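Count the sequence shown with my numbering and you get residues 374 to 488, in order.
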Amino acid sequence: VQLQASEGGLVQAGGFRRLSCAASGSIFMINVMGWYRQAPGKQRELVAAITGGGSTNYTDSVKGRFTISRDNAKNTMYLQMNSLKPEDTAVYYCNAQTTLRLDYWGQGTQVTVSS
């Protein structure tokens with residue numbers, strides 16, 4: 374499984390950004406997909422996850438602001454980020470977990486939210 378994430382970029386506080394993650398390869402093995410992030414000096418954390426059936430979960434700090442979605446026909450996952458805050462600044466990583474519980478990662482993409 375290969376994952377290719379879109380560019381993040383610089384956004385003003387209160388703004389929005391959509392990240393995408395395109396999957397290729399043995400995509401039939403993918404079960405859960407998710408977005409993680411890692412801020413400087415902090416551990417990587419799960420931001421949001423979505424199953425093949427569309428069930429989602431979010432970390433508390435992004436609930437109501439971020440929306441994860443998945444277009445199975447395009448083998449692409451999205452993270453719509455609204456009302457961005459400076460504390461959302463981090464390197465964002467897309468993740469795919471297969472039915473064999475193997476984890477695959479995309480390249481990190483920097484999202485910087487300026488105050």
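Every residue, glycine too, gets a C-beta built ideally from N, C-alpha and C.
Since we're looking at a predicted model, the values are computed, not measured.
* Can you say whether N468 is buried or exposed, counting buried as having 16 or more other CB atoms within 10 angstroms of its CB? => buried
* Assign R474 to one of two classes, buried (16 or more other C-beta atoms within 10 Å of its C-beta) or exposed (fewer than that). => exposed
* Given 8 angstroms as the limit, is there contact between the region 453-468 and the region 397-415, that is, 3 or more CB pairs closer than that? -> yes
* Name the residue from T482, N445, G427 and V435 whose alpha carbon lies nearest to the alpha carbon of L419. => V435
* By Cβ distance, which residues of its chain are closer than 8 angstroms to G398, with the 5 residues on each side in sequence left out? -> V374 and Q375
* To do: Note down the Cα distance separating Y431 from Q483, rounded to an integer number of angstroms.
  => 20 angstroms
* 6 angstroms Cβ shell around L383 - same chain, five flanking residues per side excluded -> T485
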